[in-house]
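Notes follow once the structure below has been shown.
Residue numbers (the numbering used here): 4 to 191.
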């Protein structure tokens, strides 16, 4: 089992790399692994030929042999990972791709790494904190905000809530759902 992860997509990604998944556990006894996908669609996995993994031995390239969807997860068989022991060695590892290989997104869509670190404020300019992490809930994503006067906030990543993102300025403006934070808005 992978004990130490040298890189983390939320705190210290390797330069020029983006995380596309995290190996959770093995699936069966023939080397398949269950992956929590960090990509938008399962179809993206069908396009991948290889990913990178970082271990105590450094960066390694893994070539995808077979991919299938299973109960909201991605089951991946890598070339050369042929038994349960080899699959267990990948447990806990993040799977990475060079950023240059990332396909462009439609307008008003953003990759997770683009959202991380954005300063979040209400439409009236009240600061709420910084996006520290994106939680994948199965329904809609949730942005974990920290560093604001209201403490930790779990902000739903919905178009009705997230009204404007300016990547160059590093700002996200939001329309807060009722009751999400203390209603005593702007105190002087």
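For each residue, glycine too, the CB sits at the ideal point set by N, CA and C. In this text, all values refer to a predicted model and were calculated from it rather than measured experimentally.
Rounded to whole angstroms, the separation of the alpha carbons of residue 68 and residue 175 is 39 Å. When secondary structure is reduced to three states using DSSP, residue 117 falls in the helix class. Looking only at 30, 10, 28, the smallest Cα-Cα distance to residue 21 is reached by 10.
Note on geometry: alpha-carbon atoms of residue 185 and residue 42 lie some 33 Å from one another. In this structure, residue 94 sits near residue 26, with a CB-CB distance shorter than 8 Å.
Annotated three-state conformation of residue 176 is strand, per DSSP. Proximity to residue 171 across 89, 122, 81 peaks at 122, based on C-alpha coordinates. For residue 156 against residue 131, the beta-carbon gap comes to about 6 Å, under 8 Å, which counts as contact. Residue burial is scored here from C-beta neighbours: residue 55 has at least 16 other C-beta atoms within 10 angstroms and is therefore classed as buried. The beta-carbon distance between residue 161 and residue 147, rounded to whole angstroms, is 15 Å. This is too long to meet the 8 Å contact definition.
Straight-line measurement puts the Cα of residue 135 at about 11 Å from the Cα of residue 145. According to the DSSP assignment, residue 88 belongs to the alpha helix (DSSP H) that extends over 87 to 91.
Annotation for residue 49: 70 place their beta carbon closer than 7 Å to its own, counting only its chain and skipping 5 residues before and after. Here the alpha carbons of residue 180 and residue 16 stand approximately 32 Å from one another.
Between residue 12 and residue 73, the gap from beta carbon to beta carbon reaches 8 Å or more. Residue 68: member of the beta strand (DSSP E) spanning 61 to 73, first to last residue.
With respect to the C-alpha of residue 154, the residue from 163, 81, 183, 165 having the closest C-alpha is 183.
Check the Cα spacing between residue 141 and each of 110, 177, 44, 109: the tightest is with 44. With 16 or more other Cβ atoms from the protein chains shown falling within 10 Å of its own Cβ, residue 81 counts as buried.
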